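Below: the structure, in structure tokens.
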Amino acid sequence: MGGDGAMLNAARHYVDSEIPLFGINLGGLGFLTDVSVDRIEEAIGLLEKGEYQIEERIMVSVRIGEKVMKGLNDIVIFTGTPGRAIELSAWVEDEYICRFIADGLIIATPTGSTAYSLACGGPIIFPTTENLVITPISAHTLSVRPIVVPAENRIRVRIGQKGRKAWLIGDGQEKIGLKVGDEVTIFKYPKSVRLIKLKETRFTETLRSKMRWGGRENA
């Protein structure tokens with residue numbers, strides 16, 4: 018029970034147990050917590066009748082040295098100071114992508130594609146697919162655009178010599194310090210989080226109702 022932050026925290030803590038999670042929204046947007054508090058009794062009735070499904074959502078993880086961090090939404094590299102850019106180089110597997118200067122970089126899951134990544138110009142991805150989206154934050158080059166890659170591919174990011182101290186942030190809740198020359202490896206976490214979804218829940222309807230996306234179908 019709580020907001021999206023509570024669900025993100027629960028996902029990181031319980032993903033390894035494979036216990037299905039069901040969110041009741043006590044917060045604001047509630048994109049991950051489908052049921053409002055005034056519908057608890059109705060939701061329990063649907064659960065008792067088996068009118069639900071289990072959705073598996075991939076998670077992303079990052080390794081730097083011996084430290085590992087994971088997230089349901091995203092892993093972000095950020096200076097922590099607005100307006101102060103860093104130099105980053107990125108690879109997908111062994112394929113060099115580019116070097117660029119930006120405020121940071123987001124590596125988002127499909128679940129996280131409607132969060133920080135979307136606000137920075139990234140695409141919306143259906144949450145049950147297996148992809149990762151690499152989205153720059155305020156890149157200083159117009160040609161550096163978001164790119165979607167298969168989730169099985171490992172992504173490497175290096176802090177360039179023209180960079181400065183930065184932070185590695187998981188789901189906006191956990192962080193690890195980075196310095197010039199550090200290289201991190203981002204990859205799909207071995208296990209997926211299991212979310213209980215009522216059968217009446219539809220991703221596109223959630224986009225329309227909670228994010229004011231598009232409009233309803235004509236009668």
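Position one of the sequence shown corresponds to residue 18 (our numbering), numbered consecutively onward. Glycine included, C-beta positions come from ideal geometry on N, C-alpha and C. None of these values were measured; they are calculated from a predicted model.
- Taking the C-beta atoms as reference points, residue 123 is found nearer than 8 angstroms to residue 93.
- Under DSSP, residue 112 takes part in a beta bridge, and its partners are 109.
- Between the segment 66-86 and the segment 201-215 there are three or more inter-stretch CB-CB distances shorter than 8 angstroms, so the stretches are counted as touching.
- Only exposed fits residue 162, as fewer than 16 other CB atoms lie within 10 angstroms of its CB.
- Residue 125 is bridged by DSSP to 91, 150.
- Counted as a single uninterrupted DSSP element, the stretch harbouring residue 187 is not any alpha helix (DSSP H) but the beta strand (DSSP E) occupying residues 183-187.
- Residues 90 of the same chain have their beta carbon placed closer than 6 angstroms to that of residue 132, with the five preceding and five following residues left out of the count.
- In chain order, 89, 210 place their CB closer than 6 angstroms to the CB of residue 28, counting only its own chain and leaving out the 5 sequence neighbours on each side.
- Beta-carbon to beta-carbon, residue 48 and residue 221 are separated by about 13 angstroms, too far to satisfy the 8 angstroms threshold.
- Here DSSP, grouped into helix, strand and coil, assigns residue 35 to coil.
- 174 is the residue among 84, 63, 98, 174 whose C-alpha sits nearest the C-alpha of residue 113.
- In this structure, 41 is the residue among 41, 184, 35 with its C-alpha nearest to the C-alpha of residue 24.
- Taking every protein chain shown into account, the CB of residue 153 has 16 or more other CB atoms within 10 angstroms, so this residue is buried.
- Put simply, the backbone Cα of residue 84 is about 41 angstroms away from that of residue 65.
- The continuous alpha helix (DSSP H) containing residue 133 extends over residues 133-136.
- Cβ neighbours of residue 39 within its own chain (closer than 6 angstroms, five residues either side excluded): 213.
- Across the structure, residue 182 and residue 199 are spaced so that their CA atoms are roughly 10 angstroms apart.
- In this structure, the alpha-carbon of residue 170 lies about 9 angstroms from that of residue 149.
- Scanning its chain for C-beta atoms nearer than 7 angstroms, with the 5 sequence neighbours on each side dropped, one finds around residue 63 the residues 69, 215, in chain order.
- By the C-beta density criterion, residue 127 is buried, having at least 16 other C-beta atoms within 10 angstroms.
- The alpha-carbon separation between residue 108 and residue 151 amounts to approximately 11 angstroms.
- Going by DSSP, residue 200 is part of no alpha helix (DSSP H) but of the beta strand (DSSP E) stretching over 200-205.
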